[in-house]
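Trainee: Right, I'll just put the structure down here and ask away after.
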């Protein structure tokens, strides 16, 4: 399988023909860093639905051919790949700068999903950002059930939290 990437003005992923099992996949995104991350995840088999540690109970090749499955349109697949990467590379958090983490979580949470909010809160605690200041300026605060809540003292941020907070 071959992977191609190019920069584009829009956020569009294009599958190369017959879905997941096609010979060529093209990634298109305005941020070169995102393309590089997706390429690394692809090269390290994070998009392989049947990794060695997982048993799905069905053959993905059959599903891909029958239903035309395209991982570039299936954001759950991207999310799973990112979370698996975060679990496998748990030590990356130490190498990220405090300033970069503050930029990532300093403007609020990307969604009101419980796990995403909790991960963002753990990262804010890790970089010593005030939860009240961030929640008060967040665009999602009206719909967030967890706004202004603090995390437990014993909970610590992990690399997986960085992957969720994207």
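In the numbering used here, the protein residues as written are 39 to 204.
Heads up, the beta-carbon is just placed ideally off N, CA and C, and yes, glycines get one too.
CB residue 157 to CB residue 202, shorter than 7 Å?
Mentor: The answer is yes: Cβ separation under 7 Å.
Trainee: Quick one: residues in its chain with C-beta nearer than 6 Å to the C-beta of residue 103, no 5 flanking neighbours on either side, listed in chain order?
Mentor: Only weak support exists for where residue 103 lies, its pLDDT of 47 falling under 50; the value from the coordinates is given anyway. So the list is empty, once near-sequence residues are dropped.
Trainee: Could you spell out the range, first to last residue, of the alpha helix (DSSP H) harbouring residue 141?
Mentor: Note, residue 141: alpha helix (DSSP H), 136-143.
Trainee: Leaving out five residues on either side along the sequence, give the residues of the same chain with a beta carbon under 6 Å from the beta carbon of residue 165.
Mentor: So the list reads 136, 139 and 140, once near-sequence residues are dropped.
Trainee: Excluding the 5 residues preceding and the 5 following residue 170 in the sequence, name in chain order all residues of the same chain whose CB lies nearer than 8 Å to its CB.
Mentor: 186, listed in sequence order.
Trainee: Let me see if you follow: with CB-CB separation under 7 Å, is residue 197 close to chain C or not?
Mentor: Going by chain labels, chain C is absent from the structure shown, which holds only one protein chain.
Trainee: From the DSSP output, in three-state form, read off residue 113 for me.
Mentor: Helix, per DSSP.
Trainee: Can you tell me where the alpha helix (DSSP H) holding residue 81 begins and where it ends?
Mentor: Residues 70-81.
Trainee: Which of helix, strand or coil does DSSP assign to residue 120?
Mentor: Residue state, collapsed to three classes: helix.
Trainee: Quick check on residue 29: buried or exposed, where buried means 16 or more other Cβ atoms within 10 Å of its Cβ?
Mentor: Residue 29 is absent from the model: the chain starts at 39 and stops at 204.
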